[in-house]
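Counting from 170, one number per residue, gives the positions in the sequence shown under this note's numbering. No residue lacks a Cβ here, since even glycine has one placed at the ideal position from N, Cα and C. Small disclaimer: the values here were computed from a predicted structure and weren't measured. Structure, as structure tokens:
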Amino acid sequence: MYLTANHTFSQLYASTIAPLLRRAAGQPEKIRPRARTWAVTACALACVLACVLACVLTGGLILGGVVFLAPDIQTALFLLGFAAFSTLILCGVMMREPHRAIDARLAEHTGEILAGHACDGTYVQTAPLDWLPLKRMAEIGVIGWGGSCHMGAGLEGGWQDKRFRIASVHKTRKMSGDTDSDDRRVVFSGLVMRTDWHRSMPLIVIRPRTLIGDHASVRTHVSQMPQWILGHDGFDARFELWSRSGTIARQALGPEFGDCFLRFADAFARGGAHAGHVAAVFDGMTLLLAVERHETFLDLDSHGLDETAFQDKCADVIDEMRLPCRMIDTLTGAA
């Protein structure tokens, strides 16, 4: 169900999300006493155990319920201090945990509501690694190979008879040749999207000319495909086109594709040195996109926000949820 003029975002927020936020705001007060009880109990037990251990280590005795400590009191004081410090940290964690759980549930429920109205979609708070074909995209050479990968929030929905999945992806890799250092470099940070395409396409790989990576990865993993030009000056200056046949690829993409792809790159890929970096893979009825984008995506963290601020954040998120629709329209020339 999409938002219409008769069902504005303000109405949607007031009728569905605001009650969730108010209910969530009251839950910590109910949970906090129980968390405090557990924290105090843990603190008391830790202190008792520290005293017992101190007696053992310093040669003290426990007789008739009375603790007799040896003259070496420094060890006992150290253990008691360590126990107090540890339990203070534990108390802090136990007091914060209810807030985190409530914030996570609120984000999940809010995301489901917004996704249903934005694009008849489904919100995923943390997308699993196999949710998108990241391995294949890495093998082709469009998002960087190896390293560790972190998936953020994702969205699955439909637009113009096309189903899509989109999620934020952050890939890093340890600096080569430096085994003693934990320094890592970012090999990709942005959005990855899989969507249906309206006609069957030959295998075509499009990458920015300034993309960091080995061109051999394209040739090795995609059957020794050669590189071609599209015949569009602006496109050819910024992007590489790889396919088994340049003629077939140009015919499949069509005469308007160069302009559409440049508009797409300028509109949706931004951030730092990789502004305008977009990679695409056409394969049959499927299009895979990797868009460099150094911005948060579908961030519904409500911690520390009042109702007005959270409403503003929800308005931004529902606009982000329409991003795949705008992407599809731009690439197909409908925008």
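For residue i, name the three-state secondary structure that DSSP assigns.
| i | result |
| --- | --- |
| Val-486 | helix |
| Ile-398 | coil |
| Asp-289 | coil |
| Ile-312 | coil |
| Glu-409 | strand |
| Val-432 | Looking at the sequence itself, residue 432 is Arg, so the reference to Val does not match. If DSSP states are grouped into helix, strand and coil, Arg-432 belongs with the helices. |
| Ser-179 | helix |
| Asp-481 | helix |
| Leu-301 | coil |
| Asp-272 | helix |
Nearest-angstrom Cα distance between residue i and residue j?
| i | j | result |
| --- | --- | --- |
| Ser-358 | Asp-402 | 28 Å |
| Leu-324 | Leu-283 | 11 Å |
| Leu-275 | Leu-181 | 16 Å |
| Asp-332 | Gly-326 | Note that residue 332 corresponds to Arg in the displayed sequence, not to Asp. Straight-line Cα distance between these residues: approximately 6 Å. |
| Thr-477 | Ala-187 | 10 Å |
| Met-170 | Leu-467 | Bear in mind that a pLDDT of 44 at Met-170, under 50, signals an unreliable position, so the model cannot answer this. |
| Ala-503 | Asp-405 | 23 Å |
| Arg-378 | Ala-418 | 18 Å |
| Trp-300 | Thr-177 | 32 Å |
| Gly-313 | Lys-340 | 8 Å |
| Trp-366 | Arg-192 | 42 Å |
| Val-113 | Leu-214 | Absent from the model: residue 113. The displayed extent of the chain is 170 to 504, so no value can be given. |
| Leu-410 | Gly-290 | 32 Å |
| Ile-487 | Ala-421 | 33 Å |
| Ala-442 | Leu-360 | The predicted position of Ala-442 is uncertain, since its pLDDT is 46 and thus under 50; a value taken from the coordinates is nonetheless stated next. Going by the C-alpha atoms only, they are around 16 Å apart. |
| Gly-473 | Lys-482 | 12 Å |
| Glu-425 | Ser-471 | 43 Å |
| Asp-393 | His-463 | Sequence check: residue 393 is Gln here, not Asp. Going by the C-alpha atoms only, they are around 33 Å apart. |
| Leu-166 | Asp-330 | Here the chain comprises residues numbered 170 to 504, so residue 166 is not present and cannot be evaluated. |
| Ala-322 | Arg-491 | 14 Å |
By the DSSP assignment, the alpha helix (DSSP H) with residue i in it spans what residues?
| i | result |
| --- | --- |
| Ile-497 | 492-501 |
| Ser-184 | From DSSP, Ser-184 is part of no alpha helix (DSSP H); its letter is neither H nor E. |
| Phe-466 | Segment: none, Phe-466 is in no alpha helix (DSSP H) and carries neither H nor E. |
| Gly-415 | 415-422 |
Name, in chain order, the residues that DSSP records as bridge partners for residue i.
| i | result |
| --- | --- |
| Lys-343 | Arg-353 |
| Gly-323 | Val-293, Ala-336 |
| Ser-358 | His-339 |
Would you give the residue range spanned by the beta strand (DSSP E) that residue i belongs to?
| i | result |
| --- | --- |
| Ala-448 | 447-461 |
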